[in-house]
Every structure is written in structure tokens, then in C-alpha cells.
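A.B. asks: To start, I am sharing the structure in question, which I have written as C-alpha cells.
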Amino acid sequence: MALLYFMAATFQPLRSAMPPTFSRILALSLAILLILTACSPKNLQVTQPWARPGAAGDNSAIYLVIDNPTSEADTLLGAETDVAGSTELHRSSMENGMMMMEPQEKVSIDAKSRVVFEPGGLHVMLVGLKQDLHAGDTIRLTLNFEKAGAITLDVPVKEP
């Protein structure tokens, strides 16, 4: 509401020079533009996280989607969680009919792009689980990005 009062005061001098309908349309258009601009994402967005169940001592994996709506590329440098001895970024791929898993030092996220961590592809590997992970549990994960910094999220554990 304060925005509308501000806009009305700002365009008051124009009011006498323009027909009232034009002033109202201009003010309404600017208000809508400001609202839409404020609603658009400005940072990396991490969505759809989930983790596979696993037994203590075993390994598990976390999958998610990273959207970069910004005009700058960023890089995922690593991940951290208390439920595993260590975390690694991995990429699975088929080579000569065999599924291979390769550690990734980092994962690039281009400007205005989406990177999907999914079974059979990129994932966050949880090495040496410190506890059992059951469907319905939630684990805390921190992703560390070169530019965006740390993004912490709660990851539900569920069956694939």
C-alpha cells in the first residue's frame, strides 16, 4: 500500500499534464512491474532434494535440482552433513555396459541453467553413514558454492 502512495505522490506533477486514465494505467503498470521484479528469484535455488535409505556404515546418495536464474555462472564446491563420515560429489555413467562412478572435484552451474542430480547421473555421495537412514527421516545438508556461499537444506529420506 505504501508503494501505491509513493507512486501517486511521484506522479502527481504528471497528473495535470496527462489525462487521468493514462496516469492510472502508468501507475498500475509500474506497480505490477515492481511486484513481479521483487518476486523473481535472484539467487541459486535448490529444490526437490531426497536421499536414499541406508544402514550405518554403508553409503547412500542425495539427489536434487539446482536452478541458476542469475546471469553469472557458479560452482558447487562440495557438500557437508553430520550423518556421514564424508561427502563427495559423484557422476555415474555407463561405460562398456557397466555403471561407473567418478568423483567430481566440483560441478559447474552455468548462468540461467538447471543442473539435475539424479539416479544414474550426478549425486552427492554420503560415504560411511554414521546412522541408519530410514524412509521418513530428514537429514541436514549444506551445499557450498563458490559465489552463492553455503546453502543449507533439509533432505527427506525416501525410497526411490
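Counted the way numbering that gives the first Met the number 0 counts, the sequence shown spans residues 0 to 159.
Idealized CB from N, CA, C, for every residue including glycine.
Which residue or residues does DSSP assign as beta-bridge partners of Pro102?
C.D. replies: Bridge partners of Pro102: His89.
A.B. asks: May I have the straight-line CA-CA distance separating Arg113 from Gln130, to the nearest angstrom?
C.D. replies: Roughly 32 angstroms separates the two Cα atoms.
A.B. asks: Starting from Asn143, follow the beta strand (DSSP E) in both directions and report where the run begins and ends.
C.D. replies: From DSSP, the beta strand (DSSP E) with Asn143 extends over Thr137 to Phe144.
A.B. asks: Roughly how many angstroms lie between the CA atoms of Val45 and Thr20, to the nearest whole one?
C.D. replies: Val45 and Thr20: Cα-Cα distance of roughly 43 angstroms.
A.B. asks: Pairing CB atoms from the stretch 77-97 with CB atoms from the stretch 121-128, are three or more of them under 8 angstroms?
C.D. replies: Yes, since at least three Cβ pairs between the stretch 77-97 and the stretch 121-128 fall closer than 8 angstroms, the two stretches touch.
A.B. asks: Just to confirm my understanding: we take Ala55, look at its own chain, exclude 5 residues before and 5 after, and list those with CB closer than 6 angstroms. What are they?
C.D. replies: Counting only Cβ-Cβ distances below 6 angstroms, and skipping sequence neighbours, we find Leu128, Gln130 and Asp131.
A.B. asks: Can you list, in chain order, the residues of its chain with a C-beta nearer than 7 angstroms to that of Ser85? Leave out the 5 residues immediately preceding and following it.
C.D. replies: The answer, listed in chain order, is Val126 and Gly127.
A.B. asks: Locate the beta strand (DSSP E) running through Pro155, then write down its first and last residues.
C.D. replies: Note, Pro155: beta strand (DSSP E), Gly148 to Pro155.
A.B. asks: Just reading off the beta strand (DSSP E) that Leu44 is part of, what are its end residues?
C.D. replies: Per the sequence shown, the amino acid found at residue 44 is Gln instead of Leu. Per DSSP, Gln44 belongs to the beta strand (DSSP E) from Gln44 to Ala50.
A.B. asks: Who pairs with Leu132 in a beta bridge, going by DSSP?
C.D. replies: Answer is Gly53.
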